[in-house]
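Chemist: Okay, here's the structure, questions in a sec.
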Amino acid sequence: MISVVHRPEPTQSAPAIRVFALVTLTWMLVGAPAGVAEADACAYASTGPDGTQAVAVAGSLTWPTPPPCSPP
3 MISVVHRPEP
13 TQSAPAIRVF
23 ALVTLTWMLV
33 GAPAGVAEAD
43 ACAYASTGPD
53 GTQAVAVAGS
63 LTWPTPPPCS
73 PP
């Protein structure tokens, strides 16, 4: 039978854990700093009876006007 059980020794990281917990709790209560979210990419995929279609757009949806083709 064990008559004497020693408790674990305190570690050096205990204050750091407490500070981290305090910062995390404060961050959760006050709110994470967030700006306005803006999407600049879009993707679409479809599989149907006509086959597979996939479209991906990155950046702006405005397309520049292509130059006119010269006659042959």
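Residues 3 to 74 in our numbering are what the sequence shown spells out, letter by letter. The beta-carbon is built from N, C-alpha and C at its ideal position, and this holds for glycine as well.
1. Would you mind reading off the limits of the beta strand (DSSP E) that contains residue 59?
2. With residue 25 and residue 44 assumed to form a contact (beta carbons below 8 Å), what rounded beta-carbon distance in angstroms separates them?
3. In the DSSP output, what is residue 44 paired with across the bridge?
4. Any idea which residues DSSP pairs residue 50 with across the strands?
Modeler: Judging by the given coordinates:
1. On the sequence shown, residue 59 is found 57 positions in, with the first residue counted as 1. Residue 59 -> beta strand (DSSP E) spans 53 to 60.
2. Within the sequence shown, residue 25 is the residue found at index 23, counting from 1. Within the sequence shown, residue 44 is the residue found at index 42, counting from 1. The Cβ separation is near 37 Å, so there is no contact.
3. Numbered from its first residue, the sequence shown carries residue 44 at position 42. 59.
4. Residue numbering aside, residue 50 sits at position 48 when the sequence shown is read from its first letter. Looking at the DSSP assignment, residue 50 forms a beta bridge with 53.
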